[in-house]
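Peer 1:
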């Protein structure tokens, strides 16, 4: 039967476009890493991920929530790399160098130059006025200190350090070394130069 002229056929709706949220999160992280939190717009994230703003909101919430997820993902990746290096059954000095080289592999993971640490490059400025970002940064730094301290305590038990060595103080020095090579990587220092800084620090730390 023919339809009357004033009747309209029902609109056929296709399936909503499926997005790979993990891939999108990775692309969003890359965008934040390049331009920082304040310098990154939702439109630029949409362009990088291929997701329109409504889809981004549906998947991640607002820009702040997306950034916090990117920051958490970065901590997860970087802390896992440090722990893997420190867990190796190697002499203390080698374990420390593996940890620093693992960090440098992240800082120099962009083709064409170093980008440094995601936390230092994007979170520190925001942490002053943003409690959620500040808490994330503080928790991550505490974890780095704790992981180094655990390795130093093991070294002390094995006799790799002097009997009066302070694992807590050495952990702070090791963490500070990681932070300084991150900052210098961001300012254009060559990887070989940063590896040498780390090597000198390891020599001092190991006594």
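Residue numbers (the working numbering): 2 to 208. In this text, a Cβ means the ideal position worked out from N, Cα and C, and glycines have one as well.
So, at 6 Å on beta carbons, what are the nonlocal neighbours of residue 46 in its own chain, with the 5 sequence-adjacent residues on each side left out?
Peer 2: Working through the chain shown from its first residue, we reach residue 46 at position 45. Only 29 and 32 meet the Cβ criterion.
Peer 1: Apply the 10 Å Cβ neighbour rule to residue 124 and answer buried if 16 or more other Cβ atoms are within range, or exposed otherwise.
Peer 2: As a first step, residue 124 must be located in the chain shown, where it is residue number 123. Answer is buried; the Cβ neighbour count reaches 16.
Peer 1: Taking 8 Å as the threshold, find out whether the segment 49-63 comes into contact with the segment 82-92 through three or more Cβ pairs.
Peer 2: no
Peer 1: Does the contact criterion of 3 or more C-beta pairs under 8 Å hold for the segment 123-139 versus the segment 56-63?
Peer 2: no
Peer 1: Return the residue from the list 176, 94, 97 and 83 that minimises the CA-CA distance to residue 139.
Peer 2: As a first step, residue 139 must be located in the chain shown, where it is residue number 138. Closest option to residue 139, Cα to Cα, is 176.
Peer 1: Suppose you measure from the CA of residue 181 to the CA of residue 78; what does that come to, to the nearest Å?
Peer 2: Residue numbering aside, residue 181 sits at position 180 when the chain shown is read from its first letter. Residue numbering aside, residue 78 sits at position 77 when the chain shown is read from its first letter. Residue 181 and residue 78: Cα-Cα distance of roughly 19 Å.
Peer 1: From residue 111 to residue 23, what does the alpha carbon distance come to, in whole angstroms?
Peer 2: If you number the chain shown from 1, residue 111 lands on position 110. If you number the chain shown from 1, residue 23 lands on position 22. Rounded to the nearest angstrom, the two C-alpha atoms are 19 Å apart.
Peer 1: Using the Cβ count rule (16 or more neighbours within 10 Å means buried), how would you classify residue 63?
Peer 2: What you label residue 63 is simply residue 62 of the chain shown in a count that begins at 1. Exposed, because fewer than 16 other Cβ atoms sit within 10 Å of the Cβ of residue 63.
Peer 1: Within 10 angstroms of the Cβ of residue 129, are there 16 or more other Cβ atoms? Answer buried if so, exposed if not.
Peer 2: Here residue 129 refers to the residue found at position 128 when the chain shown is read from its first residue. That one is exposed.
Peer 1: Report yes or no: do the segment 64-74 and the segment 152-161 share at least 3 C-beta pairs separated by less than 8 Å?
Peer 2: no
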